[in-house]
Each structure stands twice: as structure tokens, then as C-alpha cells.
Ligand code: MN
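Numbering (my numbering), first residue to last: 26 to 336.
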């Protein structure tokens, strides 16, 4: 997924985990190659949750013809993309000749490192449905120029808490470790409850966490959490005591406070504006990021550095 909204101010971003109460951030509408998304991160006041720096939620939607998702080739540096679906399908293609279909229950993890380009689209054979998320994880300085890679995980570990089922996408929860490669201490998990229940989830007190509800109802600290709002919980909690309604689904993201200043502009995570400017130039010149040969169509040109953001 590509962040198509140019943000030329290349906002300086630093983690600030100190928080006593739950902070709530309503997602904003954004458009990704014609697909409407709810963007929960970054937002003006909260840039990072651990290493998590970007969160798009799209669907649920049904369609008869065409491709609701068709994000042409675009570059990334300094981050990992984490793609996770609730329904439907998406097809990833990249400049390393990877081509991978993803369906619900599977994880696509692309480590951009020093540079990769990819496309994401609805495959021709599909279920006429689409619902999912894409997150970005900022790579810490020691790994941000690593070689790019792509991994598909068709099966991920699950944990049962009471009547609820939790899938560990990346990182570890209650000592259950995802096979996905992570470069800093973090957690990404999907929580599913099929019946009304009161639950205690063990979480790490040195992590900052956020909850992103997808459906159903969650009661936390006497507050009902709503879908498409990001709830930042800060750090210092060693358990998450929640009451859930039947058919509740949410995502839990978190990690050790990132502790590095990062810059985000377009699809790039970097440390300096020079790095961003160079990556932009090298995408436009076409040398650094390879070619997504399997994608039928043109690639996405970089927005001008001078363009003001749309939102
Ligand atoms: Mn992308």
C-alpha cells in the first residue's frame, strides 16, 4: 500500500509514550489509488506506537467487477509493510520478482530496508470482497539500510484467552512468538471473540500499546472503544482487562518506545530530509528500486517535494 498523500513538510516524528489516560484518534479518510481507506497512523498528535508508524484500514466492501485495490508500483525505504486481510484477496508483486497472493489468516511482510518497489492489487480471480489493513513498521537505525526482503507466512500462531482467539502476527504475546522477522521489540496481534466475555490479556509493561477496533464492542477502563478509532494506551500496563461483545475483532499493536527521530514522506521512512530527497530522485530516475516486471501498467510517479499535503 502506498501513502499517496504527499506530506512535503516531512514531519519530524518522535515517540512520546508518557500517557496516563487513553488517547483516542479518529481515523481520517484517505484514498489509495481509488480505494478509500481509514488512516489511523500517523496523525497530528500521535506519530508512533512502538515502531508502528502507519495504519490503513480498508473495507469491508463488495464489488462486482474490476479491482478495488490497484496500487501501481511505488518505492519504499526504511520500513516494513505488514499486510493482513479479514476477507478477500490481494496480490503482491515486487522488484525482487516475488508474486504472492494473500488471503485471510496469512501475513505478507515486506522489509524495504535500503529500497524495494512493489504493487498491490485485487487478483482477477477473487471472492468479490475486500477487507483488511496495512501497517508500516519503522526499522531501527541499525537495520534501516538492510537488504530488502519479502516473506509470506501462511500460518501464524494462535493463543486462546477464555473464549477468545488471538493470532500473533509479529513479535510475541504471552511468550508465543510469530515467525515473522521483526527488528525491534514489538507486538502485532489480531483479537477475535465470538461470544460476550470478560478477558485479561497479558501485555508487556515496558511496551506502549494501542488498540484498533475492527468490529464489535470493547469496554476498557469504563470506556467503550469504537471501530476506526485508534486508542493509545501508553505504557506501564501488564494486562489488558476488557469486556467484549459477541463478534468482536480488534488489532493490538505495540512495542518498546522507538527512541529514534524519524521522518516520513510519501512512502519513505528516513532520518534526514536529504535521504528522502535522494530516494525521491532515485525513484524518478528509475535506478535504485528495480522494476516490478510482473505488474501490467505504469508505476506511480513521486509527488513533488513542494506539494502541500491534502490533509
Ligand atoms: Mn506500498
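Think of the CB as a built atom: it goes at the ideal place given N, C-alpha and C, for glycine as much as any other residue. For clarity, every value in this text was computed on a predicted model and none was experimentally measured.
For the options 292, 261, 65 and 241, the alpha carbon positioned closest to that of residue 269 is the one of 241.
Per the C-alpha coordinates, the member of 73, 288, 60 and 191 positioned closest to residue 258 is 73.
Relative to ligand 1, residue 292 has its C-beta within less than 8 Å of a heavy atom. Per the DSSP secondary-structure output, residue 152 pairs with nothing in a beta bridge. Residue 140 is not a Cβ neighbour of residue 95, given a cutoff of 9 Å. DSSP places residue 305 within a helical segment (H, G or I) once states are collapsed to three. Ranked by how close their Cα comes to the Cα of residue 273, the residues 222, 231 and 304 have 222 in first place. Proximity of the beta carbon of residue 306 to ligand 1 is not indicated: no heavy atom of the ligand is located closer than 8 Å. Contact annotation: residue 60 and residue 50 have beta-carbon atoms that are not nearer than 9 Å.
A Cβ-Cβ distance of about 4 Å is found for the pair residue 279 and residue 232, placing them in contact under the 8 Å criterion. Residue 46 and residue 102 have their C-alpha atoms spaced approximately 34 Å apart.
DSSP, reduced to helix, strand and coil, places residue 172 outside both helices and strands of the structure shown, so it counts as coil. Ligand 1 has no heavy atom closer than 8 Å to the beta-carbon of residue 146.
The region 306-323 makes contact with the region 111-119; the number of CB pairs closer than 8 Å reaches 3 or more. In the DSSP assignment, the residues bridged to residue 234 are 259 and 279.
Cα atoms of residue 110 and residue 83: separation of roughly 9 Å, rounded to the nearest angstrom. Contact check for residue 193 against residue 203 passes: the beta carbons are separated by less than 9 Å. Contact check for residue 225 against residue 179 fails: the beta carbons are separated by 9 Å or more. The straight-line gap separating the alpha-carbon atoms of residue 165 and residue 239 is approximately 28 Å.
Runs of the beta strand (DSSP E) lying entirely within the region 179-247 and spanning at least 3 residues, in chain order: 183-186, 189-198, 211-218, 222-227, 233-240 and 243-245.
In the DSSP secondary-structure assignment, residue 320 is not bridged to any residue. Annotation: residue 77 to residue 150 spans about 32 Å, alpha carbon to alpha carbon.
Between residue 152 and residue 114 the beta-carbon gap is near 7 Å, inside 8 Å, which marks them as a contact. Taking C-beta atoms as the reference points, residue 176 and residue 136 count as a pair closer than 9 Å.
Residue nearest to residue 87 within the set 154, 248 and 255 is 154 (criterion: CA-CA distance).
In the DSSP assignment, residue 327 falls outside any beta strand (DSSP E) and carries neither an H nor an E.
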